[in-house]
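Heads up: the sequence shown is residues 329 to 751, going by the working numbering.
All remarks here apply to the structure that follows.
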Amino acid sequence: MISQKEYTKRRKKFAKKLENNSVAVLYSAKYKTRSNDTEYPFRQESNFYYLSGFREDNAALLFVKSKGSTKTILFVQKKDEALELWSGKRVGEIQAKTIFDVDAVYTSDMFIQKLPEFLKGKNTLYFDFASKDERINSLKDNAKTIASHKDIMSLIGYMRLIKSPAEIMMIQDALEITKKAHHKVMQLKKTGKKEYELQAEIEYIFKKNGAYSDAYTSIVACANAANTLHYVENAAPLLDGALILIDAGCEFEYYASDITRTIPVNGKFSQAQKELYEMVLDVQVRIIEMIKPKIKRSELQKKAVELLSKGMHDLGILKGSLKKNINKEKYKKYYPHGIGHWMGLDVHDQCPYKYENGDEIPLMSGMVLTIEPGIYIDKDDKKVPKKYRGIGIRIEDDILVTKNGYENLSREIYKSVKEIENC
Ligand code: GLY
Ligand code: MN
Ligand code: MN
């Protein structure tokens with residue numbers, strides 16, 4: 329768990345970054361309708377959660393800064409016995425004041441009434457520019473006297489880039505559960521089952537171990553389906569002799585894990601599958617080994633392109649000169665995505681890749697990113713040796729950048745041919 333002390337520390341750090349005479353407003357998430365009278369499971373908005381640790385809807389967090397000092401104000405739903413009968417207990421304003429170390433707590437129905445008091449004499453309003461929440465429009469309408477608007481993300485994104493020891497522990501907890509799920513399906517007899525049966529096994533293990541949700545929609549893609557990058561139908565039969573690409577990770581206490589393994593349905597790689605798999609694995613391991621502070625993600629990307637292109641060249645998948653295949657981006661047909669992304673509260677963590685001046689942000693100790701090279705060869709691609717057609721492989725791990733290098737947080741999840749075949 330993240331302690332209240334840590335949330336307080338985050339708010340202090342955030343407040344320091346705010347301009348003097350400013351107000352910053354963060355809103356909680358809202359319930360989203362799934363279909364008539366039913367809703368998607370509620371999931372708190374990540375930035376709001378990062379600074380508050382508060383899990384209810386219909387809430388807001390304000391930072392009001394003047395004369396160099398900042399007051400933090402939390403708006404929470406009023407206690408309401410009748411409504412709590414339907415949707416569960418609310419913390420309420422009295423308890424919230426004792427749990428959350430903020431300067432004041434009000435009920436959400438007071439928000440519009442209290443707002444002018446906080447906005448008075450302020451020059452800058454911070455909010456999330458990317459948010460589509462209609463409360464932002466209402467906020468802007470109510471703050472017409474403030475001409476300068478600034479994006480909250482430009483402040484909070486940098487904070488979220490560097491994970492605290494407690495955050496790293498949460499990611500490790502998520503990965504411990506995700507490991508169990510991937511190992512379980514590696515060990516299962518799979519031939520004749522359907523993709524969704526493996527999905528069910530995986531998500532059962534997530535839930536059984538206390539992971540509230542998956543961090544993203546699980547991909548369980550057998551054979552040629554693995555070549556559709558966002559395949560989520562997960563309904564086809566598992567064919568003897570084929571590979572299954574499984575990209576699945578749980579979210580535990582709001583922290584993501586993001587793991588892909590590609591395994592044989594019948595437990596044994598064919599010679600051709602093994603050739604491709606070991607090529608991708610070798611690239612993945614070599615890219616992970618490059619990770620250390622100061623190196624840039626673009627350098628990892630460039631190296632991945634070089635190594636995958638060389639690997640494809642050696643296997644007869646790409647023909648002609650290696651240099652030309654790289655310069656003319658011929659590899660993109662088979663490796664069309666990036667080498668990885670930041671991970672944390674969001675699986676694709678909402679953190680910047682560049683500084684405001686456009687320079688790329690290099691890796692720093694405390695960052696967490698995925699490394700996920702892949703190769704995808706369509707079953708009808710006549711340009712590729714027949715034995716490789718219809719194979720899609722991705723291998724993805726979650727890596728912590730440390731002071732002197734890296735720690736592969738998912739290193740225990742089997743990935744060598746030997747480990748997968750003998751598990
Ligand atoms: N599972 C999403 C991704 O790998 O980026
Ligand atoms: Mn990923
Ligand atoms: Mn993934």
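All residues carry an ideal CB built from backbone N, CA and C; glycine is no exception.
Given a threshold of 16 other Cβ atoms within 10 Å of its Cβ, counted over all protein chains shown, does Ala-343 qualify as buried or as exposed?
buried
In angstroms with no decimal places, state the Cα-to-Cα distance between Gly-485 and Cys-679.
4 Å
Where the beta strand (DSSP E) containing Glu-735 begins and where it ends
734 to 736
Pairwise C-alpha distance: Ala-554 and Ile-572
7 Å
If you count every other CB in all the chains shown that lies within 10 Å of the CB of Arg-739, and 16 or more means buried, which is it?
exposed
Comparing C-alpha positions only, which one of Ala-564, Leu-379, Gln-332 sits nearest to Val-353?
Leu-379
Using DSSP with H/G/I as helix, E/B as strand and the rest coil, what is Thr-698?
strand
Starting from Arg-589, follow its DSSP beta bridges and name the residues at the other end.
Ile-574
Given a cut-off of 8 Å, decide if Ile-723 and Thr-590 are closer than it, judged by their beta-carbon atoms.
With contacts defined by Cβ atoms closer than 8 Å, Thr-590 and Ile-723 form a contacting pair.
Which residues does DSSP pair with Val-548 in a beta bridge?
DSSP lists Ile-574 as partners of Val-548.
Tell me the DSSP secondary structure of Val-560 in three-state form.
Correct three-state label for Val-560: coil.
Which same chain residues, not among the five before or five after Val-633, have their C-beta less than 8 Å away from its C-beta?
Ile-654, Tyr-659, Tyr-663
Put Phe-382 into one of helix, strand or coil per three-state DSSP.
coil
At a cut-off of 7 Å, would you count Glu-700 as near ligand 3, judging by its Cβ distance to the nearest heavy atom?
yes
Can you tell me whether DSSP reads Ile-721 as helix, strand or coil?
strand
Take Asp-431 and list the residues in its own chain whose beta-carbon comes closer than 6 Å to its own, dropping the five residues that flank it on each side.
Lys-399, Thr-400
Would you tell me roughly how many angstroms separate the C-alpha atoms of Pro-621 and Val-611, rounded to the nearest one?
Each residue's alpha carbon lies about 20 Å from the other.
Are three or more beta carbon pairs between the region 614 to 628 and the region 676 to 691 nearer than 8 Å?
yes
I'd like the span of the beta strand (DSSP E) that includes Asp-479, first residue to last.
476 to 479
Taking 8 Å as the threshold, find out whether the region 406 to 426 comes into contact with the region 448 to 457 through three or more Cβ pairs.
no
Closest residue to Lys-448 among Arg-614, Val-351, Ile-505, Ala-509 (Cα-Cα distance)
Val-351
Can you check which of these residues, Arg-488, Ile-440, Leu-489, Leu-483, is closest to Asn-465 by C-alpha distance?
Ile-440
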